[in-house]
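One structure below.
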Amino acid sequence: MTATKIRPPQGKLARSQAIKEALLAYGLLSPALLLFLVFTVFPVGFGLVISLYNWRTGPNEFIGLDNYTRALKPDSEMWPALGATITYSILSVPIELFLALILAYLLFQKIRGKSFFRVALFLPYVTSTVASAAIWARLYSPDIGIINQSLSIFGIQPLQWLLEDKGILTLLANAIGIKLPGGLTGPSLALVSIVVYTTWVFVGYDMTIFLAGLGNIPGELYEAARIDGAGGWSLFRHITVPLLSPTTFFLSLITIIGTFKAFNHIWVMTQGDNGTTTASILIYRQMYEFQRAGYASALAFLLFTVILVVTIIQNRTAGRQVNY
Amino acid sequence: MNVRKLVPFSIAAAIVLAACGAASPAAPTSAPATTAPSAATTAPKPADTTVANPPKSADQVDALDLTGKNVEITFWHRYTSQNLTVVQTIVNDFNTKNPYGIKVKLENAGAGYTDVYNKINATIQGGGDLPALSIAYQNQAATYRGQNVMVDLTPFIQSKKYGLTADDLKDIYPYFQQSDKAPQFAGEILGWPTQRSMAVLYSNIDWLKTLGASEAPKTLKDFEALACKASDKAAGTYGWIWRNDASDFASLVFANGGELIKPDGSAYDFNSPAGIETLTMIQRMFKNGCAVELPKTEANGEQNRFAAGKLLFVTGSSSGLPFYASSIAKVEKPFQWQYTMHPQANPDKPIVNLYGASWSVLKTTPEKELAAWLFMKFFTEKDNTAAFATTSNYMAVRASASQLAIDKVKTSKSFAKFPEAAASYANQYSWIQYGAVEAPVVGYDPVRALIQDMVTKVGVKGDGDPKAALDEAVKKSNDILAEFAPKK
Numbered sequence: 001m002t003a004t005k006i007r008p009p010q011g012k013l014a015r016s017q018a019i020k021e022a023l024l025a026y027g028l029l030s031p032a033l034l035l036f037l038v039f040t041v042f043p044v045g046f047g048l049v050i051s052l053y054n055w056r057t058g059p060n061e062f063i064g065l066d067n068y069t070r071a072l073k074p075d076s077e078m079w080p081a082l083g084a085t086i087t088y089s090i091l092s093v094p095i096e097l098f099l100a101l102i103l104a105y106l107l108f109q110k111i112r113g114k115s116f117f118r119v120a121l122f123l124p125y126v127t128s129t130v131a132s133a134a135i136w137a138r139l140y141s142p143d144i145g146i147i148n149q150s151l152s153i154f155g156i157q158p159l160q161w162l163l164e165d166k167g168i169l170t171l172l173a174n175a176i177g178i179k180l181p182g183g184l185t186g187p188s189l190a191l192v193s194i195v196v197y198t199t200w201v202f203v204g205y206d207m208t209i210f211l212a213g214l215g216n217i218p219g220e221l222y223e224a225a226r227i228d229g230a231g232g233w234s235l236f237r238h239i240t241v242p243l244l245s246p247t248t249f250f251l252s253l254i255t256i257i258g259t260f261k262a263f264n265h266i267w268v269m270t271q272g273d274n275g276t277t278t279a280s281i282l283i284y285r286q287m288y289e290f291q292r293a294g295y296a297s298a299l300a301f302l303l304f305t306v307i308l309v310v311t312i313i314q315n316r317t318a319g320r321q322v323n324y
Numbered sequence: 001m002n003v004r005k006l007v008p009f010s011i012a013a014a015i016v017l018a019a020c021g022a023a024s025p026a027a028p029t030s031a032p033a034t035t036a037p038s039a040a041t042t043a044p045k046p047a048d049t050t051v052a053n054p055p056k057s058a059d060q061v062d063a064l065d066l067t068g069k070n071v072e073i074t075f076w077h078r079y080t081s082q083n084l085t086v087v088q089t090i091v092n093d094f095n096t097k098n099p100y101g102i103k104v105k106l107e108n109a110g111a112g113y114t115d116v117y118n119k120i121n122a123t124i125q126g127g128g129d130l131p132a133l134s135i136a137y138q139n140q141a142a143t144y145r146g147q148n149v150m151v152d153l154t155p156f157i158q159s160k161k162y163g164l165t166a167d168d169l170k171d172i173y174p175y176f177q178q179s180d181k182a183p184q185f186a187g188e189i190l191g192w193p194t195q196r197s198m199a200v201l202y203s204n205i206d207w208l209k210t211l212g213a214s215e216a217p218k219t220l221k222d223f224e225a226l227a228c229k230a231s232d233k234a235a236g237t238y239g240w241i242w243r244n245d246a247s248d249f250a251s252l253v254f255a256n257g258g259e260l261i262k263p264d265g266s267a268y269d270f271n272s273p274a275g276i277e278t279l280t281m282i283q284r285m286f287k288n289g290c291a292v293e294l295p296k297t298e299a300n301g302e303q304n305r306f307a308a309g310k311l312l313f314v315t316g317s318s319s320g321l322p323f324y325a326s327s328i329a330k331v332e333k334p335f336q337w338q339y340t341m342h343p344q345a346n347p348d349k350p351i352v353n354l355y356g357a358s359w360s361v362l363k364t365t366p367e368k369e370l371a372a373w374l375f376m377k378f379f380t381e382k383d384n385t386a387a388f389a390t391t392s393n394y395m396a397v398r399a400s401a402s403q404l405a406i407d408k409v410k411t412s413k414s415f416a417k418f419p420e421a422a423a424s425y426a427n428q429y430s431w432i433q434y435g436a437v438e439a440p441v442v443g444y445d446p447v448r449a450l451i452q453d454m455v456t457k458v459g460v461k462g463d464g465d466p467k468a469a470l471d472e473a474v475k476k477s478n479d480i481l482a483e484f485a486p487k488k
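The listed protein sequences derive, respectively, from chains A and S. Quick note, the first sequence lines up with residues 1 to 324 if you use this note's numbering. Quick note, the second sequence lines up with residues 1 to 488 if you use this note's numbering.
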C-alpha cells in the first residue's frame with residue numbers, strides 16, 4: 001500500500017485560496033451582519049445620539065452630556081430607582097437560585113411523578129408574563145384577593161400587598177409593637193410581593209438548567225465517594241455543588257442581568273408605585289409620561305453601564321470559583 | 001473579559017459618536033415653515049390668495065376647492081363595539097353624501113387615548129404619515145401643536161364657504177367650544193367637541209335610603225358624612241373609592257371652588273385653599289376608613305364594586321352610564337342608582353369638571369385639513385350628534401339635539417329598570433353651564449402622574465402634610481410647565 005502525501009498549496013495558489021475562503025466566509029456572514037448592524041448597532045448608536053439631545057418627539061437642541069449629569073445629580077430620581085433595582089436583584093436572585101437548586105436536586109432523584117413536577121414548575125415560565133402578573137395582582141388585591149381571604153381564616157389581619165409602601169421590617173416590627181428607626185424599614189411589601197411572583201415564574205426555568213447541569217456530573221464520582229463512605233450531604237457539598245458551579249455561574253449571571261432589566265410584570269402589577277420604581281420603570285415613565293426621550297436614553301445607557309460593571313465584577317470574582 | 005482591550009475601542013467609539021452628535025445638525029427640528037405654500041394648493045382659486053399650510057385665515061380656507069379632487073383622509077380613533085358602529089355609519093353616510101367626493105377612512109389607533117397619543121408621537125418622531133384627523137384630549141392637542149403638527153380650526157370655523165353660521169355656533173354648546181381653546185397658543189382652537197361628558201357622582205339610592213338620606217348629597221360635607229356612615233371595613237364596604245385618577249382630584253378641587261391652572265395657562269395653582277381642603281378631605285376620609293383605594297390593576301373595579309354593593313359613591317364620567325347599567329343589571333339584586341352633579345362646597349356656585357376628548361386636525365395638506373373639518377362639521381350636525389350621543393351616552397354637542405338624545409336614552413331598554421339613572425342623563429345638560437376644564441396645556445400628562453402619586457402618598461396613605469405636599473407638587477408641576485412650554 002502506498003501512501004499519497006498531500007502537500008498544502010503554496011505561494012500564489014495559497015493566497016488566492018485564502019482570499020476565496022475569506023470572501024465566502026464574509027459573504028455567508030453578511031446577511032446576519034447586516035441585520036445585526038441595522039437592528040442592533042444602529043439603534044444603540046442612535047439611542048446614544050438621542051441621549052445627547054433635549055429630545056421629545058424630535059431633537060430640540062444639542063445639550064451634550066447634560067442628560068447624564070442630570071441623572072447623576074445627588075437628588076436625581078435615578079438613585080432611588082437604582083436602589084429599588086439592586087434590592088429587587090439581591091432579594092430575587094439568591095432565593096430563586098437556592099430554591100431552583102433544591103428542587104432540581106430533589107427532582108433528579110428517582111421519585112414518582114417527577115415528570116409531572118418538572119412540567120408543573122416550568123409552566124409559569126412559559127405562561128404569558130402579562131397574563132400571569134395580572135392574575136397575581138388580583139390575588140394580591142387587599143379587598144377581593146384570595147390571599148387576604150385565606151389569611152383571614154387564620155385570623156391574620158389583611159395586608160395591602162402591592163398597595164403597601166411601608167417596609168417589611170417596619171410592618172413586622174409594628175406587628176409585635178416595636179418601633180424601628182427610619183433607616184431600618186427594609187424593602188416595601190409591594191416589592192417583596194413582586195419578588196415572590198418573580199420566584200414563582202423563574203424557579204422552574206432555573207431548575208431545568210440545573211437539571212441539565214446535574215445530568216452532566218459523572219455518576220462514577222458519586223459511586224467512588226460512596227465507597228469512601230461519603231453521606232448525602234457530603235456528596236452534595238463536595239461533588240454536586242462544585243461540579244454544578246459552571247451552571248450556577250451562568251444562571252446567576254443571566255438572572256442578575258434579568259432582574260436589572262425587569263419591566264413587564266412590575267409594570268402590570270404596580271406601575272412602579274409603592275417603592276417598586278426600578279430603573280426600567282423609571283426609563284419607561286420618563287420616555288412615555290414625561291416625553292423626555294433624551295433623558296430616558298441617558299438613563300438607559302447608565303443602566304447598561306451598571307449592568308456591564310456588575311457583570312465584569314461578577315465575572316472576575318465568581319468566575320474564579322467555577323470548576324470547569 | 002479583557003477590560004484593557006475595551007479601552008481603546010471605547011475611546012474610538014466615543015469619538016465617532018461625539019462627532020456624529022456634533023455634526024448632526026438639528027435638521028429634523030426644521031419642520032416645514034407653516035406659511036410655506038403647499039404644492040397641493042395649486043387648484044383653481046382666486047389669484048391673489050395664497051393658501052398657507054395650515055390656512056391662516058377664513059379667506060384662505062374659502063379659496064380652497066375640493067371639487068373633483070376625491071380627497072381621502074384617515075381618522076385615528078379608539079372607538080369599539082357600538083360606538084364604532086355608529087361612527088362608521090356616520091362615516092359611510094358622509095362618504096356617500098358629501099359633494100366633494102371626500103372619503104374618510106377609520107383606523108383604530110389603540111385601546112385608549114394614551115395609545116393614540118403615543119402612536120401620534122411615535123409617528124412624529126419617526127417622520128411617518130400622520131392622519132388628517134385624530135381623537136385627542138386638549139392637553140394632547142396642545143402637545144402636538146407644540147411640535148408644529150396641529151391645525152388651528154379658527155379659519156375653518158370662520159370660513160364663509162365651509163364654516164359655521166352664527167346659529168350653529170350658538171347651538172353647539174359654547175362651553176364645549178371654549179374647552180378646546182389653547183391658552184398657550186393665543187386661544188387657537190385645536191380641537192372640535194364631538195363628544196363631551198362630565199365628572200359626576202354615582203350613588204346607590206337604595207343604600208342611601210337605609211342611611212336616612214332621601215337624595216344624593218349636594219354638599220361635600222354631606223358626601224363625606226354619608227360615605228363614612230356607609231363604610232364598614234370588616235364587611236368590605238366603603239363610601240368612596242380613589243381610582244388613582246388625577247381627574248377625580250381635579251373634580252374635587254373644582255367642587256371646592258378652585259382650579260388646577262390659571263386660565264391663561266401660565267402657572268399651576270392647585271395648592272390654593274381649595275386644593276388643601278381637597279387633599280385634607282381625602283386624607284381624613286382614608287384615616288377614618290370611609291374610602292378605599294382601587295388597585296391600578298383592577299380594570300373597571302369601581303363599577304364592579306359599585307354594582308356589587310360594596311361602594312356607596314363613585315366619582316366618574318357621566319359617559320360611564322351604560323357600563324354601570326349593564327354591571328348592575330347582572331347582579332343578583334339590582335338596585336336603584338343614579339348620578340348627580342358632583343357635590344360642592346358651595347352648591348350655589350357649582351363648578352363641574354367637563355370631560356371629553358375632541359377631534360383634532362393634523363397638518364397634512366390644506367385640502368385634507370379642509371376635508372377633515374367638513375367631516376367633523378357633518379358629524380356634529382343635529383341628527384348625527386344625537387345618534388352618537390344616544391349610543392355612547394356622551395352628551396349631544398348641540399342644544400337642539402339634546403332632547404332627541406334624552407328621549408332616546410329615556411326609552412332605551414338598558415334603563416327600563418333604572419328610571420332614576422335615565423333621568424340622570426337628562427339632568428346633566430343643565431350642568432354644562434358650570435363646566436370647567438382641567439389643564440389644556442402642553443405637558444399636563446406628567447403633571448397628572450405627579451398629582452396621582454401625591455394623592456396616593458398623602459391622601460390615601462396619610463404620609464405627609466397636605467399643604468406641604470401640594471406646594472411641592474405645584475412647584476414640580478410649574479417646572480414641567482416651563483420645561484414643556486412652547487418656544488416663542
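Every residue gets a Cβ at the ideal spot worked out from N, C-alpha and C, and that includes glycine. Here the structure is a predicted model, which means the values were calculated and not measured.
Query - Ordered list of beta strand (DSSP E) runs contained in the segment 43-97 of chain S, each at least 3 residues - result: 72-77
Query raised in the report: Can you name, in chain order, every residue of its own chain whose Cβ lies under 8 Å from the Cβ of residue 61 of chain A, other than the five neighbours on each side?
Result: 53 and 54
Query raised in the report: Taking any Cβ of chain S, which residues in the segment 163-178 of chain A have a Cβ under 7 Å from it, in chain order?
Result: 163 and 165
Report task. Give me the Cβ distance between residue 230 of chain S and residue 312 of chain S, rounded to the nearest whole Å; I'm assuming they're in contact under 8 Å. Result -> 4 Å
Query - Distance CB(residue 103 of chain S)-CB(residue 76 of chain S) smaller than 8 Å - result: no
Query raised in the report: Going by the CB atoms, is the gap between residue 243 of chain A and residue 71 of chain A shorter than 8 Å?
Result: no
**Report entry** Pair within 8 Å by beta-carbon distance, residue 247 of chain A and residue 304 of chain A
**Finding:** no
**Report entry** Endpoints, the alpha helix (DSSP H) within which residue 201 of chain S is located
**Finding:** From DSSP, residue 201 of chain S is part of no alpha helix (DSSP H) but of the beta strand (DSSP E) over 197-204.
Requested in this report: Measuring only between beta-carbons, confirm whether residue 1 of chain A sits less than 8 Å from chain S.
Outcome: For residue 1 of chain A, the predicted structure reports a pLDDT of 49, less than 50, and the residue's modelled location is therefore unreliable. A value from the coordinates is still provided. So no, residue 1 of chain A is outside the interface.
Query raised in the report: Checking contacts by CB at 8 Å: is residue 288 of chain A closer than that to chain S?
Result: yes
**Report entry** Beta-carbon neighbours of residue 138 of chain A, restricted to chain S and to distances below 8 Å
**Finding:** 297 and 298
Query raised in the report: Quick one, which residues of the segment 40-67 of chain A are near chain S if we go by CB-CB under 7 Å, in chain order?
Result: 45, 48, 49, 52, 57, 58, 59, 60, 61 and 62
Query - Length at least 4, wholly inside the segment 111-153 of chain S: the alpha helix (DSSP H) runs in chain order - result: 113-126 and 138-146
Query raised in the report: Under 8 Å between C-beta atoms, does residue 134 of chain A make it to chain S?
Result: yes
**Report entry** C-alpha distance - residue 28 of chain S paired with residue 486 of chain S, whole-angstrom precision
**Finding:** Note on residue 28 of chain S: pLDDT 32, under 50, position unreliable in the model; the coordinate value appears next. Those two C-alpha atoms are separated by around 17 Å.
Query raised in the report: Does any residue of chain S bring its CB to less than 8 Å from the CB of residue 206 of chain A?
Result: no
Query raised in the report: In chain S, which residues lie with their C-beta within 7 Å of the C-beta of residue 321 of chain A?
Result: In chain order: nothing, as chain S lies at least about 17 Å away.
Report task. Determine whether the Cβ of residue 273 of chain A lies closer than 8 Å to any Cβ atom of chain S. Result -> yes
Query - Selected residue, minimal CA-CA separation from residue 153 of chain S, among S:197, S:374, S:250 and S:433 - result: S:374
**Report entry** Span of the beta strand (DSSP E) around residue 399 of chain S
**Finding:** Counting along the chain, residue 399 of chain S falls outside any beta strand (DSSP E), though it belongs to the alpha helix (DSSP H) covering 399-410.
Requested in this report: Could you work out which residues of chain S lie near residue 141 of chain A, taking near to mean beta carbons separated by less than 7 Å?
Outcome: 295 and 298
Requested in this report: Enumerate in chain order the residues of its own chain whose CB-to-CB distance from residue 450 of chain S is below 7 Å, with the five nearest sequence positions on each side excluded.
Outcome: 473, 476 and 477
Query raised in the report: What residues in the segment 77-94 of chain A have a beta carbon less than 9 Å from any beta carbon of chain S?
Result: none
**Report entry** Where residue 268 of chain A meets chain S, residues with beta-carbon distance less than 8 Å
**Finding:** 297
Query raised in the report: Just how far apart, CA to CA, sit residue 482 of chain S and residue 262 of chain S?
Result: 14 Å
Query - Straight-line Cα distance separating residue 299 of chain S from residue 161 of chain A - result: 18 Å
Query - Sub-8 Å separation of residue 339 of chain A and residue 158 of chain A beta-carbons - result: Lying outside 1 to 324, the shown extent of chain A, residue 339 of chain A is not represented and no answer is given.
Query - C-alpha distance - residue 160 of chain S paired with residue 55 of chain S, whole-angstrom precision - result: 14 Å
Requested in this report: Indicate whether at least one CB of chain A lies closer than 8 Å to the CB of residue 118 of chain S.
Outcome: yes
Query raised in the report: Are at least three pairs of beta-carbons, each pair with one atom in the segment 117-137 of chain S and one in the segment 403-419 of chain S, less than 8 Å apart?
Result: no
**Report entry** Presumed contact (8 Å Cβ cut-off) between residue 339 of chain S and residue 318 of chain S, rounded CB distance
**Finding:** 6 Å
Query raised in the report: Are the beta-carbon atoms belonging to residue 103 of chain A and residue 203 of chain A less than 8 Å from one another?
Result: yes
Query raised in the report: Considering only C-alpha positions, which residue in the set S:225, S:91 and S:107 is nearest to residue 212 of chain S?
Result: S:225
Requested in this report: Give the residues from the segment 283-308 of chain A that approach chain S closer than 8 Å (Cβ to any Cβ), ordered along the chain.
Outcome: 285, 288, 289, 290, 291 and 293
Query raised in the report: Alpha carbon to alpha carbon, how far is residue 329 of chain S from residue 81 of chain S?
Result: 19 Å
Report task. Would you mind listing the alpha helix (DSSP H) stretches within the segment 309-395 of chain S that are 4+ residues and don't spill past its ends, in chain order? Result -> 321-330, 366-379 and 382-392
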